[in-house]
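Presented below is the structure to which this report refers.
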Amino acid sequence: MPPAIPIATYRLQLTADFDFDAAAAVAPYLKALGISHVYASPFMKARKGSTHGYDVVDHTEFNPELGGEEGFARFSNALKQSDLGLILDFVPNHVGVHFADNPWWLDVLEWGPVSPHAVSFDIDWDLLPYRARGGVLLPILGSSYGQALERGEIELRYDASEGSFSAWYFEHRLPIAPERYGEVLRTIVREAGADNSTAGRAMLELAARYRGLRHPNRNEAPALKAAIQAIEGSAEIIARGLDAYRTSEDRPTQTLALHHLLERQHYKLGHWRLASSDINYRRFFDVNTLAGLRVEDAATFEASHSLVKRLIAEDRLQGLRLDHIDGLRDPAQYFQRLRRLIRIAQGATAKPFYMVIEKILGEDERLTKFSGVHGTTGYEWMNTISQLLVDGSGLDPLNEIWRQISNQSPNLTPVLREAKRRVLETLLTSEFTVLARLLARIASGHYSTRDFSADSLRQALELYVLHFPVYRTYLTASGPAAHDRALISVTIERARADWFAADEGIFDFLRDALTMDLLKPGRPPHSAPRVRRFALKVQQFTGPMMAKSLEDTTFYRYHRLLALNEVGGDPAASAIAPETFHTMMQTRVREWPHGMTATATHDTKRGEDARARIMALAEIPGEWTSAVARWKVLNAPHLELDGETRAPSATFEYMLYQALLGAWDPDDKSLVGRIQAFALKAAREGKQETSWLNPHEPYEAGVKTFIARILDRKASPEFLDALETLAERTALIGALNSLSQITLKATMPGVPDFYQGTESWDLSLVDPDNRRPVDFAARAELLTALEAPDWEALAQSWRDGRLKFAWTRHLLRLRNELPEVFTSGDYQPLTVSGPHRDHVITFARRHGREAIIVAVAKSFAPFTQGGRHWPRAEAFEGEIDLTGYALPGGDSRIQLSTLFARLPVAVLKAKTTAGAKHAARRVRAHG
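In the numbering used here, the protein residues as written are 1 to 927.
Have a look at this one:
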């Protein structure tokens with residue numbers, strides 16, 4: 001039986017090409033590697049062809065493309081046979097909509113607000129402009145509505161198997177409201193000339209039977225549809241009569257008929273660009289095809305978690321990773337309900353259930369405690385490791401290089417602020433408009449605040465959002481906690497400082513609306529439901545706002561050192577001193593000892609070893625500066641120039657050189673295409689010269705051509721020779737950084753998570769590049785070949801990735817041999833002395849008498865002649881004080897040259913002695 005707290009997790013990306021059976025086949029390999037739990041991407045029924053599983057269309061079914069119920073059973077049995085647990089990446093916050101595959105969404109389109117599923121979606125029914133009746137905007141058209149209508153792209157169809165009518169726009173099904181069936185039937189019979197036929201009269205009789213805006217109602221509609229089906233000859237008449245709605249530019253009557261029918265539905269069709277300004281349902285970020293799910297509704301929660309509950313009850317699911325918890329209206333309520341569901345599902349066999357959350361923490365932000373949650377998925381620790389290993393002395397020179405290339409200050413704040421403005425003006429305007437209108441309605445509800453104009457309130461709210469420093473607050477319906485109240489107040493004051501109009505209390509009003517203080521006794525009465533809705537919806541908005549502005553915009557504009565441009569990180573971050581790291585780990589042991597530690601995920605901007613290579617630039621900033629200057633001259637003839645347009649821009653070119661060093665593999669025949677695909681995504685995400693909303697094709701073509709030319713040996717031989725020379729050096733330093741990185745991940749407090757394939761070198765770029773197939777057969781063969789690794793030989797052939805593979809398995813074996821040391825063990829910093837003490841991070845983990853001693857080196861340039869050769873053990877001068885621990889040799893001190901005899905990383909088994917407790921007390925006293 002796998003342990004309740006994982007020893008190590010392994011992320012598998014399930015797709016139609018790597019389904020349940022394929023995952024089952026690798027279970028023995030993962031067990032032999034040392035993994036305790038498979039951490040699976042979402043496997044509920046997703047949109048057909050999904051490559052990630054996050055576009056779930058039915059939470060109650062397994063994805064048929066993965067093998068469905070039977071395939072999952074085989075997968076689950078294989079895991080049990082290998083004694084592996086299963087952690088599911090679960091998506092509670094949103095579902096895939098549009099198209100024709102989500103039964104809840106289709107029901108809402110058919111029945112509008114009276115649909116029992118309408119409460120499951122966050123739709124503002126009354127916000128559609130210039131429309132007499134409420135509805136939901138569907139921004140699915142590739143052209144204007146008028147063009148799509150006149151071209152005949154919107155087509156009314158009859159489904160004889162259901163007796164139902166739907167409009168179709170290519171693959172999108174748009175159910176017709178049953179209350180409109182009467183007029184449709186009359187029009188069809190008239191058009192078909194079937195008024196006097198038996199079938200025609202029967203259809204007209206049906207049309208006359210249901211009159212009024214609410215007939216047929218939901219109870220009556222099935223009978224109406226069945227009756228249409230039952231009329232002999234109805235299908236033929238309908239097929240002919242639908243010509244009354246068949247549109248084209250030369251059929252104005254029919255076009256108008258279909259338009260009038262569509263205008264009387266519970267939805268409004270629109271061009272996809274309208275989403276940014278007019279959409280009136282909550283989305284996942286700015287993705288129109290992912291609609292927010294209101295799991296705060298009890299019935300929605302129960303229905304969407306029914307399959308999860310069943311799997312827990314059957315002991316086929318041992319953990320959950322909750323996706324995008326910042327999109328939830330009330331996370332505290334959600335996790336209380338989820339923990340209750342888990343207890344009920346487990347019944348009398350209740351036992352610990354592992355649960356982590358996808359949560360990105362801002363600088364100095366502390367994780368909010370939620371019921372049953374063990375921690376996050378580890379983005380913050382990935383960035384902590386990077387900041388610990390990066391050479392801090394090289395960051396200032398890199399600041400200066402960036403200043404010269406970008407002609408901007410290396411200060412990140414104005415870059416992020418400008419990115420937020422761009423996102424607010426383009427991608428998330430509609431969601432912001434909903435909030436601004438709601439705030440204006442609250443203000444107009446009492447005479448004391450009604451003079452705050454809608455425009456002023458919108459501007460004040462915009463300043464608040466622009467200055468808000470983290471992803472969200474965690475207010476509940478009862479109000480804010482002290483730290484959330486303080487955060488709101490500080491942000492309000494920053495916004496107020498940027499306000500140049502007369503204040504007259506508008507920011508005090510906004511603050512009180514955000515904290516719900518407007519509802520306190522003795523205050524002027526305001527609508528309590530509106531105030532609560534506003535305060536809680538703002539929380540759901542600031543998360544996507546920050547994500548789109550920072551991760552998906554700023555990260556692609558600010559390129560000081562790409563190794564720090566990582567999810568959950570700060571591109572302008574400073575290095576972390578070992579002492580600071582030790583303090584953070586001691587805090588983690590106390591507060592979140594079982595959260596995940598990641599170094600690569602499906603969301604990271606680049607592979608963990610590509611990041612480690614780029615980190616090396618901070619160790620050779622002078623040589624990097626010279627190289628870039630030379631490369632810019634060599635590649636100037638390959639730039640595409642058109643007037644003032646330069647493709648790529650100077651800053652983008654600088655980014656490309658870093659990306660190339662990270663991903664460089666001269667044997668990869670697909671590298672040019674991969675870099676071009678990455679560059680296209682990076683350029684559009686940056687939203688400067690081009691964007692997803694408004695692609696600038698000449699610029700994009702210019703970037704693609706530039707990449708092709710500079711990576712063409714015939715066109716750019718001198719550049720490629722220079723690139724390969726520097727890439728060889730950064731790859732060596734990067735490999736050493738990677739060994740330190742993987743050692744820290746596997747030994748520091750927390751559960752190490754391994755993204756698929758990263759047990760060997762991972763030089764991938766941003767998704768979808770990081771979802772390429774993994775050769776598990778070759779990795780399984782390595783297990784046997786490296787059963788007794790020759791570390792010296794592996795170090796000499798470090799380029800082939802076997803060194804990382806063998807070291808990863810070695811670390812995982814230690815975790816399996818000493819699970820309590822890692823799961824429940826204490827953390828104690830150890831003291832390093834000597835000339836190279838600043839190049840070593842060392843600590844002990846201990847539980848009872850068992851202990852391990854961990855030491856990793858960093859900043860390798862001085863030991864490798866700038867990346868030109870593998871470091872020699874005798875190059876490391878210094879020693880570690882092991883007071884309180886006994887190694888097999890019995891020494892209380894160990895020389896770095898001895899410790900790093902095989903590799904510049906070491907993890908040694910030890911026993912604690914009486915002195916360990918005294919040493920720990922000294923550390924705590926000094927801390």
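All C-beta atoms in this analysis are idealised placements derived from N, C-alpha and C, irrespective of residue type, glycine included. Computed from a predicted structure; not experimentally measured.
Ile442 is a Cβ neighbour of Val531, given a cutoff of 7 Å.
Taking 8 Å as the upper bound for CB-CB distance, Leu723 and Val672 are not in contact here, some 13 Å apart.
Relative to the Cα of Phe20, the nearest Cα in the group Ser36, Pro6, Leu86, Val57 belongs to Leu86. Note on geometry: alpha-carbon atoms of Thr187 and Leu274 lie some 32 Å from one another. Thr580 places its beta carbon 7 Å or farther from that of Met382. Contact between Phe170 and Leu156 does not hold, since their C-beta atoms are separated by about 14 Å, which reaches or exceeds 8 Å. Two segments are said to touch when three or more pairs of C-beta atoms, one from each, lie closer than 8 Å; by this definition the region 103-123 does not touch the region 313-328. Annotated as proximal: Phe90 and Leu322, with beta-carbon spacing under 7 Å.
In this model, Pro862 and Trp870 are separated by some 11 Å (Cα to Cα).
Here DSSP, grouped into helix, strand and coil, assigns Pro829 to strand. Taking all protein chains shown into account, Thr553 has 16 or more neighbouring C-beta atoms within 10 Å of its C-beta and is therefore buried. Out of Lys858, His847, Leu896, the CA that lies nearest to the CA of Ala910 is found in His847. Approximately 6 Å separates the beta-carbon atoms of Leu389 and Met615; this is inside 8 Å, confirming the contact. Taking the CA atoms as reference points, Leu79 sits about 14 Å from Pro6. With respect to the 7 Å criterion, Thr747 and Val854 are classified as neighbours on the basis of their beta carbons. Non-local beta-carbon contacts of Asn93 in its own chain, meaning distances under 8 Å to residues more than five positions away in sequence, involve Phe284, Gly292, Leu293, Val295, Asp323, His324, Ile325, Gly327, Leu328 in chain order. Only exposed fits Ala497, as fewer than 16 other CB atoms lie within 10 angstroms of its CB. Counting C-beta pairs closer than 8 Å gives fewer than three between the region 134-150 and the region 214-227, which falls short of the contact rule.
When DSSP assignments are scanned along the region 362-391, the uninterrupted stretches of alpha helix (DSSP H) that are 4 or more residues long and fall wholly within it turn out to be 379-389. DSSP, reduced to helix, strand and coil, places Thr473 outside both helices and strands of the structure shown, so it counts as coil.
Around Ala906, the same chain offers Ala855, Leu899, Phe900 as residues with beta carbons nearer than 7 Å, after the five sequence neighbours per side are excluded. Bounds of the beta strand (DSSP E) holding His59 are 56-62. Only exposed fits Glu874, as fewer than 16 other CB atoms lie within 10 angstroms of its CB. Per DSSP, reduced to three states, the secondary structure at Lys858 is coil, with no helix or strand assignment. DSSP places Asn288 in no alpha helix (DSSP H) but in the uninterrupted beta strand (DSSP E) bounded by 287-292. According to the DSSP assignment, His847 belongs to the beta strand (DSSP E) that extends over 840-847.
Between the alpha carbons of Leu475 and Thr368 lies a gap of roughly 11 Å.
When rounded, the separation of the alpha-carbon atoms in Trp272 and Gly134 is 19 Å.
Residue pairing of Leu156 in beta bridges, as defined by DSSP: Ala167.
In the structure shown, Thr651 adopts helical secondary structure according to DSSP, grouped into three states. In this structure the region 97-112 lies against the region 42-58, because at least three pairs of beta carbons, one per stretch, are closer than 8 Å. When beta bridges are read from the DSSP output, Lys45 appears opposite Asp58. Per DSSP, reduced to three states, the secondary structure at Val907 is strand.
Cβ contact annotation for Val821 (same chain, cutoff 7 Å, sequence separation greater than five): Arg845, Arg846, His847, Glu850, Ala851, Ile852, in chain order.
Residue ranges of uninterrupted alpha helix (DSSP H) with 4 or more members, entirely inside the region 875-905 and ordered along the chain, are 896-899.
Residue pairing of Gly85 in beta bridges, as defined by DSSP: His37.
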